[in-house]
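Working notes, structure below.
Residue numbers (my numbering): 4 to 233.
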């Protein structure tokens, strides 16, 4: 049966000679996989594969059946072509990191409109921000944790969970204030952090996610993000 839904592209793999299987977080059905035929064919002149780059926002018409793990697309387009994320080093590095974390933490194959709206508004913020977005990934991870059901209530709870598992994290007053701001204020709220503080908090956040996702594994994009933003 055909359904309309919005989606966020996460990743794709090659499938047979000219097709791909794309992972999309959809508004209606949660995390889903779709076969897209012919996008890698030499005869394809429309560059449709660009629609499935990390975090691309999609309007989709899909064939969906609850008893299948792999579905097909009838129509797909982006209502919001990116002008900055794929072309600016800092933003593309943030997008790759966020995409990798989402690919490893989003599991539910059911719709979650509140989570989808959070992801959508966060991506639009990243695309449109012109300055002071160097803390985007920190605020994003803290707020995403709440939508996934394990977000700390405040900086003290965050520190306590790390300490209970012998994961050292010593937050000074500035770091505590930053944590509380990231948790309670909209993404993009200005917060002053040094490069070293940003790097320490990023490491602590990845460690925090590993507490709740045993199979998080090695986050490959982390090294690039540290180099670009700290």
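Using N, Cα and C, we set each Cβ at its ideal position, and we do this for glycine too. All figures in this text were calculated on a predicted structure; none of them were measured in a lab.
Strand pairing of residue i, partner residues [DSSP]
| i | result |
| --- | --- |
| residue 11 | 28 and 60 |
| residue 37 | 25 and 74 |
| residue 227 | Residue 227 is not bridged to any residue. |
| residue 16 | 24 |
| residue 6 | 65 |
Sequence-distant residues of the same chain with beta carbon closer than 8 Å to residue i, five excluded per side
| i | result |
| --- | --- |
| residue 220 | 107 |
| residue 76 | 37, 38, 39, 63, 64, 65 and 66 |
| residue 92 | 231 |
Residue i burial status per 10 Å Cβ neighbour count (16 or more: buried)
| i | result |
| --- | --- |
| residue 30 | buried |
| residue 117 | exposed |
| residue 79 | buried |
| residue 94 | buried |
| residue 83 | exposed |
| residue 226 | exposed |
| residue 102 | buried |
| residue 157 | exposed |
| residue 98 | buried |
| residue 3 | As shown, the chain starts at 4 and ends at 233. That puts residue 3 outside it, with no answer to give. |
| residue 146 | buried |
| residue 173 | exposed |
| residue 199 | exposed |
| residue 125 | buried |
| residue 127 | exposed |
| residue 5 | exposed |
| residue 57 | buried |
| residue 55 | buried |
| residue 90 | exposed |
| residue 16 | exposed |
| residue 26 | buried |
| residue 13 | buried |
| residue 195 | exposed |
| residue 171 | exposed |
Nonlocal neighbours in the same chain, by C-beta distance under 6 Å from residue i, ignoring five residues either side
| i | result |
| --- | --- |
| residue 228 | 96 and 100 |
| residue 52 | 42 |
| residue 186 | 145 |
| residue 7 | 64 |
| residue 137 | 232 |
CB contact below 9 Å: residue i versus chain D
| i | result |
| --- | --- |
| residue 231 | The question asks about chain D, but that chain is absent: this structure has only one protein chain. |
Proximal residues to residue i (C-beta, below 7 Å), its chain only, five neighbours per side dropped
| i | result |
| --- | --- |
| residue 115 | 33 |
| residue 112 | 32, 33, 34 and 35 |
| residue 88 | 58, 94, 95, 98, 129 and 130 |
(message) So, does the stretch 117-132 touch the stretch 155-168, judging by three or more C-beta pairs under 8 Å?
(response) Too few Cβ pairs lie closer than 8 Å, so no.
(message) Taking 8 Å as the cut-off, does the stretch 138-150 touch the stretch 194-205 (at least 3 CB pairs, one atom from each stretch)?
(response) Three or more Cβ pairs closer than 8 Å define a contact, and the stretch 194-205 meets that threshold against the stretch 138-150.
(request) At 3 residues or longer, and completely inside the stretch 162-186: list those beta strand (DSSP E) runs for me, N to C. (result) Complete beta strand (DSSP E) runs here, min 3: none at all.
(request) Could I get the ranges of all uninterrupted alpha helix (DSSP H) runs contained in the stretch 71-156, with 4 residues as the minimum, in chain order? (result) Runs of the alpha helix (DSSP H) inside the stretch 71-156: 92-108, 116-131 and 139-151.
(request) Enumerate, from N- to C-terminal direction, the unbroken beta strand (DSSP E) stretches of 3 or more residues contained entirely within the stretch 184-208. (result) Considered as a whole, the stretch 184-208 harbours no complete run of any beta strand (DSSP E) with no fewer than 3 residues.
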